[in-house]
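Residue numbers (my numbering): 236 to 591. Cβ coordinates follow ideal geometry from the N, Cα and C atoms, glycine included. Because the structure is a prediction, the values reported are computed rather than measured.
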Amino acid sequence: MARSNPGLLLGLLLLRLTWCVAVDGGGVEEGGFVFPVVVSTWPFREAVRAAWDVVKTGGAGGSAVDAVVAGCSACEELRCDGTVGPGGSPDENGETTLDALIMNGKTMEIGAVAAMRYVKDAIMAAKLVMEHTGHTLLVGEKATSFAISMGLAGPTDLSSPESIEKWSNWRQNNCQPNFWKNVAPAGNCGPYHPINIPKDPVKSAVWEDQGITCQEWLQNDNLLEPTSSHFNSVNRHNHDTISMAVIDKEGDGPIPGSSAYGDDEVGACGATGDGDIMMRFLPCYQVVESMRLGMEPRDAAVDAISRIARKYPDFVGAVFAINKKGVHAGACHGWTFQYSVRNSSMQDVEVITVTP
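Listed below in structure tokens is the structure:
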């Protein structure tokens, strides 16, 4: 997976307290399993086709890892949904940075980059981390330096006219909505200062000498209102994720993308939505472990999403689950979710809609 680091995203979403499930027996045929299989979040048909073109051949150059790189690279190039890859969603400084993760479900190796600047091939950088270092995650300038040292093109400006316009419009709207909380000025652009914190006698004296008292910071709690979950700015077209899983012809392990987990003995999961919330629950790890204990993909996906929704009823997100037999399902909360599938029994990519 490659994604733009959202920083402070634009747009509002009216959250619905509903969640939904879809089930499809996709990968199973009577008497055997249909491999290879490619599954991706959202109707990213071209990405799935690119992965399929690699993995369908099998053998050299047709591994699941190579297929995931091809599929996610296609989304980077196409800027799927306007958010994935170079030119996607900017951070609060107007810059686009990239995150990507790849995991080999057979070896349990993972390579990832985060907040990477100036290098557009994020999924390739993640693969290089996995293959040529003992690390799991490289961040920021270290990720950039590593990627360029390994032969990837850079430095390159990752912004686009669209990302710059998106950032400019957000600034003109007083930097609203955003992901800051317990700060002032909450209704405008920064720099921000913490509020509702215990008084420090020394700092209080300094602020009062300058004509600014702690009481002035605390007197308007309604300033926090824009950070209510009802103003959460995650929606289908700005949350910036593609997650992809591939099982090759040999069944040699699903290779999930970002917000994902896989084990070739069990299956894989890919997630999309509010990543800041999802990383607190590890839903894809939960899905895989639930399937390990015997749950069907449908039940495992529903269970993982419901665990989050119980704590965060306004949460927006979804997962797909696929077991080692190729059976897949999806579950979501707060929106309608789609994921794409291709296996050897299909003529082309099929899009599964997960509805309330």
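Residue burial annotation: T590 is exposed, with fewer than 16 other C-beta atoms found within 10 angstroms of its C-beta. According to DSSP, residue pairing for N431 in a beta bridge does not occur.
Inclusion of G497 and V274 in the CB contact set at 8 Å is not warranted, their separation being larger than that value. From the listed residues P429, K546, S380, T292, the smallest Cα separation to A357 is found for S380. When secondary structure is reduced to three states using DSSP, V562 falls in the coil class, being assigned neither helix nor strand.
G297 has its alpha-carbon roughly 31 Å from the corresponding atom of M514.
CA-CA distance, T391 to L528, rounds to 46 Å.
Inclusion of V303 and E311 in the CB contact set at 8 Å is not warranted, their separation being larger than that value. C315 places its beta carbon 8 Å or farther from that of I557. Note on N409: under 16 other CB atoms within 10 angstroms of its CB, so exposed under the neighbour-count rule.
Cβ-Cβ separation between V554 and V522: approximately 6 Å, consistent with a contact (criterion under 8 Å). Residue burial annotation: E500 is exposed, with fewer than 16 other C-beta atoms found within 10 angstroms of its C-beta. For N409, the secondary structure class from DSSP, reduced to helix, strand or coil, is coil. L333 is a Cβ neighbour of M351, given a cutoff of 8 Å. The straight-line gap separating the alpha-carbon atoms of V418 and P532 is approximately 41 Å. Around the beta carbon of Q573, a 10 Å sphere encloses 16 or more other beta carbons of the protein chains shown; the residue is thus reported as buried. Taking each of K559, M581, W570 in turn and checking the Cα distance to A544, the smallest one comes out for W570. According to the DSSP assignment, S541 belongs to the alpha helix (DSSP H) that extends over 532-546. Residue pairing by DSSP places Y574 opposite T276, I587 in a beta bridge. A distance of 8 Å or more separates the beta carbons of S579 and F279.
Here V319 carries a coil assignment [DSSP, helix/strand/coil].
If you ignore the 5 residues before and after A305, its C-beta comes within less than 8 Å of the C-beta of A285, A286, D288, V289, all in its own chain and listed in chain order. Straight across, the Cα-Cα distance linking K416 with D511 is about 14 Å.
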